[in-house]
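Asks: Chains as they are written, first to last, in my numbering: chain A, 1 to 345; chain B, 1 to 345.
Number of protein chains: 2
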Amino acid sequence: MGPARLHDVARRAGVSPSTASRALNGVGELAPQTRAAVVRAAAELSYRPSPQARSLRTRRSMTIGLVVPTISHAFYGAVTHGVQAVLDEHDYRLVLVDSTEDPVSVRRALETLLDQRVDGLLVSTAPIAAADFNELLGSTPCVFVDELAPGSGVGNIALENARGVTLLVDHLAEHGHRRIAYMGGPLDRTSGRERLQGFLDAMERRDLPVEQALVREGRWTIASGFEEGMALMSVPDRPSALITASGELALGALAATRRRRIAIPGELALVCFDDLYFAPLLQPSLTAVAYDARAMGTEAARLLLAAMEDGDPRSSELRIAVSLVRRRSCGCVYDPAAALAEVVA
Amino acid sequence: MGPARLHDVARRAGVSPSTASRALNGVGELAPQTRAAVVRAAAELSYRPSPQARSLRTRRSMTIGLVVPTISHAFYGAVTHGVQAVLDEHDYRLVLVDSTEDPVSVRRALETLLDQRVDGLLVSTAPIAAADFNELLGSTPCVFVDELAPGSGVGNIALENARGVTLLVDHLAEHGHRRIAYMGGPLDRTSGRERLQGFLDAMERRDLPVEQALVREGRWTIASGFEEGMALMSVPDRPSALITASGELALGALAATRRRRIAIPGELALVCFDDLYFAPLLQPSLTAVAYDARAMGTEAARLLLAAMEDGDPRSSELRIAVSLVRRRSCGCVYDPAAALAEVVA
DNA sequence: CTGTTAGCGCGTTCAA
DNA sequence: TTGAACGCGCTAACAG
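#1: Between the C-alpha atoms of V39 (chain A) and R54 (chain A), what's the straight-line distance to the nearest angstrom?
#2: Does the segment 285-299 of chain B touch the segment 159-173 of chain B, meaning 3 or more C-beta pairs lie closer than 8 Å?
#3: I think V27 (chain A) touches A20 (chain A), with their Cβ atoms under 8 Å apart; what is that distance to the nearest whole Å?
#4: Which of the three DSSP states is assigned to R189 (chain A) in this structure?
#5: In the DSSP assignment, find the unbroken alpha helix (DSSP H) run with R108 (chain A) in it and report its ends.
#6: Have a look at B:R189, B:L340 and B:D274 and flag the residue whose alpha-carbon is nearest the alpha-carbon of S323 (chain B).
#7: With F144 (chain B) as the anchor, note down where its beta strand (DSSP E) starts and where it stops.
#8: Tell me, to the nearest whole angstrom, how far the beta carbon of A241 (chain A) is from that of A269 (chain A); I am working on the premise that it is less than 8 Å.
#9: Give me the DSSP bridge partner(s) of C272 (chain A).
#10: Touch check for the segment 301-314 of chain B and the segment 83-90 of chain B: three-plus C-beta pairs under 8 Å?
#11: For a contact defined as C-beta to C-beta under 8 Å, what are the partners of D115 (chain A) on chain B?
#12: So, at 7 Å on beta carbons, what are the nonlocal neighbours of S224 (chain B) in its own chain, with the 5 sequence-adjacent residues on each side left out?
#13: If contact is defined by three or more beta carbon pairs under 8 Å, each pair taking one atom from either stretch, is the segment 63-74 of chain A in contact with the segment 104-123 of chain A?
#14: In this structure, does DSSP put E317 (chain A) in helix, strand or coil?
#15: Across which residues does DSSP place L148 (chain B) in a beta bridge pair?
#16: Using the beta-carbon of each residue, which ones in chain A are nearer than 8 Å to D98 (chain B)?
#17: Any heavy atom of the ligand HEM closer than 7 Å to the beta-carbon of E147 (chain A)?
#18: Could you check if D102 (chain B) is buried or exposed, using at least 16 other CB atoms within 10 Å of its CB as the buried criterion?
#19: What span of residues does the beta strand (DSSP E) with Y76 (chain B) cover, start to end?
#20: Could you list the residues in the segment 268-281 of chain B with a C-beta less than 9 Å from some C-beta on chain A, going in chain order?
#21: Any contact between the segment 87-102 of chain B and the segment 120-133 of chain A? By contact I mean 3 or more CB pairs, one from each, below 8 Å.
#22: Comparing the C-beta of A288 (chain A) with each C-beta of chain B, is any distance below 8 Å?
#23: Reducing DSSP to helix, strand and coil, say where I128 (chain B) ends up.
#24: So S316 (chain B) packs on G155 (chain B), CB below 8 Å; how close in whole Å?
#25: Could you tell me which residues DSSP pairs with N156 (chain B) in its beta bridges?
#26: Please name the residue or residues paired with A181 (chain B) in a DSSP beta bridge.
#27: Quick one, which residues of the segment 189-223 of chain B are near chain A if we go by CB-CB under 8 Å, in chain order?
#28: Helix, strand or coil for I64 (chain A), going by three-state DSSP, please let me know.
#29: Do you know how far the Cα of L187 (chain A) is from the Cα of R205 (chain A)?
#30: So, are the CB atoms of A13 (chain B) and A37 (chain B) less than 8 Å apart?
#31: So who's on the other strand from D98 (chain A), going by DSSP bridges?
#32: What is the DSSP secondary structure of R216 (chain A), reduced to helix, strand or coil?
#33: Using 8 Å for Cβ pairs, my map puts I320 (chain B) next to A295 (chain B). What's the rounded Cβ distance?
#34: So G151 (chain B) and A126 (chain B) are supposed to be a Cβ contact under 8 Å. How far apart are they, rounded?
#35: Does DSSP put G120 (chain B) in a helix, in a strand, or in coil?
#36: To the nearest angstrom, report how far apart V169 (chain B) and P209 (chain A) are at their CA atoms.
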């Protein structure tokens with residue numbers, strides 16, 4: 001028999017389909033008893049409207065698209081989780097695409113989503129020029145997450161990247177370090193750029209010397225952290241501290257120091273952006289910059305929904321706060337019991 | 001002007017809409033030159049068919065739904081990644097819902113997806129009775145992932161749970177352990193049940209004693225691992241080895257041993273299900289049961305697509321292979337260099 | 001091989 | 001306040 005259609009509900013309630021539609025959507029004026037009859041009929045038939053047909057007619061799909069490079073990465077997982085939570089409250093569905101970082105996949109992903117007539121777009125990967133983006137998007141509202149696209153979209157949201165690195169530099173400086181090395185991410189990425197810039201600025205503010213040999217660029221992987229770490233450990237006059245721009249880079253660097261039998265924090269202080277959930281359990285426990293990744297998702301979704309409502313194309317930018325978590329690897333004294341408390345929390 | 005519709009393409013090519021449709025979808029016989037003209041017209045107008053309208057007509061949405069409890073967990077992230085990869089090859093879209101573990105949310109999630117007329121369903125969380133499931137699903141093919149639902153759906157896919165724990169028991173036995181403790185997950189979960197059963201069976205096969213006090217049930221969290229670990233460390237006659245049913249539980253147990261200053265593997269051997277990506281970097285590095293979580297996703301998607309094609313409602317069950325990764329925490333000798341190689345790979 | 005007709009299930013006119 | 005008619009964009013059935 002198939003599921004009940006609006007037609008069936010109308011018949012049963014003894015009204016026309018258009019009246020039934022009005023009753024169920026609460027549109028226009030109509031007699032209370034008519035509405036009641038329709039609602040009852042709908043319930044009895046356990047009527048469920050077809051989003052397909054509805055979208056075709058209303059030109060709204062109640063769907064938003066999310067593009068991330070790899071959903072299996074903890075960061076994007078958390079972001080997606082946050083997005084989902086907000087969409088849920090507003091009865092929107094989430095269409096997820098993880099596109100890899102390949103520009104043509106990203107392009108394809110966007111085209112697919114736009115074909116689907118998503119009502120809005122959340123994009124967290126952006127190896128596409130702003131102009132192309134605008135052309136693709138047309139009038140579909142889009143919020144860029146983590147990877148910014150100035151000159152495109154109705155909103156941008158990112159971490160306080162520069163501030164995060166500044167916290168790390170300042171903290172190391174307070175420990176008395178002057179020769180601080182920096183291991184960053186790709187410079188064609190927002191986070192890569194902003195964190196490096198944050199480092200350079202913070203060093204300058206403190207009047208600390210920046211040596212070219214101590215500033216490395218890597219990819220966002222453990223392997224890359226290891227490679228760059230090995231290189232850094234080989235320079236003639238080793239730095240006394242190292243900042244890495246991500247948790248993966250820090251793990252790679254940690255591996256490198258173990259390989260070289262360099263003691264942390266004794267011979268080298270190590271701190272990083274990204275507070276890995278197991279950071280308190282590493283030995284030494286890792287001092288890091290923490291933030292609420294899930295909040296990026298919720299804020300991004302809110303921004304998008306707001307923009308969809310007002311139709312206000314004024315682009316807004318939002319930053320998610322970061323904070324310093326002091327543990328052992330920077331040289332702080334850190335009660336092991338505290339680590340347990342953290343990890344159990 | 002809006003995007004071009006099929007109608008427009010047909011006009012420009014000088015044919016009827018239905019012919020245009022046939023040309024673009026490669027259905028039926030038609031003159032090569034006609035087809036060419038249509039294809040050209042479509043390209044010139046950069047025509048993109050509306051999936052909405054198409055679905056309404058064909059009753060296929062080219063969309064599949066995935067329900068997971070929390071996408072921010074690494075396991076589900078990897079599964080989702082695998083699913084996505086396969087769907088992509090077959091031009092299906094993924095609608096993701098992370099439903100928490102709350103039964104009513106799960107139910108709502110399923111209803112939403114079914115309303116959307118997803119062509120198939122992948123469900124990785126199942127606090128719903130099989131009967132209710134069947135009623136909800138109707139004729140929509142569904143594959144259950146990790147959390148099985150016997151008596152429902154066209155397919156079930158899970159890890160070799162019992163074999164995984166058996167590998168751990170056997171390995172500990174080879175190290176000479178006899179008093180082996182077990183810290184498991186919730187018994188209303190497939191993995192929780194199967195892993196416990198695997199433990200009991202493996203112990204029996206080896207003629208090893210199972211003491212009630214040494215078999216604990218927890219949740220899948222670090223905190224739970226810590227609590228149960230503290231309890232286990234307090235029994236009068238401590239076990240010489242501990243198996244945990246998940247990586248989180250192992251981390252919690254590890255924290256507990258540090259709190260009690262119990263040396264691993266010297267005073268207690270610790271091994272677990274789930275090979276955390278940073279396991280080689282922990283001290284001691286963790287011996288664990290590894291598997292390819294992404295493969296769960298790809299296999300699940302393949303199973304579903306196959307079932308959707310044949311319309312064969314015969315339910316199949318698949319198991320994803322597991323393997324033992326020997327490191328230090330079980331008492332094996334483990335070259336630190338090997339850890340580095342692993343982590344960098 | 002191609003065109004015409006008729007919906008898929010809705011929401012929104014426009015007229016009563 | 002309600003109903004009839006129409007069309008969103010597409011494809012399937014039936015003619016020719």
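Every residue, glycine too, gets a C-beta built ideally from N, C-alpha and C.
Replies: This is what the structure holds:
#1: In this structure, the CA atom of V39 (chain A) is about 18 Å from the CA atom of R54 (chain A).
#2: yes
#3: Actually they do not touch by this definition, with Cβ atoms about 11 Å apart.
#4: coil
#5: P103 to D115
#6: Selection B:R189, B:L340 and B:D274 evaluated against S323 (chain B) yields B:D274 as nearest (Cα-Cα).
#7: Residues C142 to V145.
#8: 4 Å
#9: A:T244 and A:A288
#10: yes
#11: R48, P49, S50 and P51
#12: Answer for S224 (chain B): G218, L249 and G252, listed in chain order.
#13: yes
#14: Reduced to three states, the DSSP call for E317 (chain A) is strand.
#15: Answer is none; L148 (chain B) lacks a bridge partner.
#16: T80, H81 and Q84
#17: This structure simply doesn't include the ligand HEM, nor any ligand for that matter.
#18: exposed
#19: From DSSP, Y76 (chain B) is part of no beta strand (DSSP E) but of the alpha helix (DSSP H) over A74 to E89.
#20: L276, Y277, F278, P280 and L281
#21: The answer is no - the segment 120-133 of chain A does not touch the segment 87-102 of chain B, with fewer than three Cβ pairs under 8 Å.
#22: Closer than 8 Å: no.
#23: coil
#24: 5 Å
#25: B:F144 and B:E317
#26: B:L242
#27: I222 and A223
#28: DSSP places I64 (chain A) in strand when its eight states are reduced to three.
#29: 22 Å
#30: yes
#31: A:V68
#32: strand
#33: Confirmed, about 6 Å.
#34: Contact doesn't hold; Cβ gap of about 12 Å is too wide.
#35: strand
#36: Cα-Cα distance, rounded: 55 Å.
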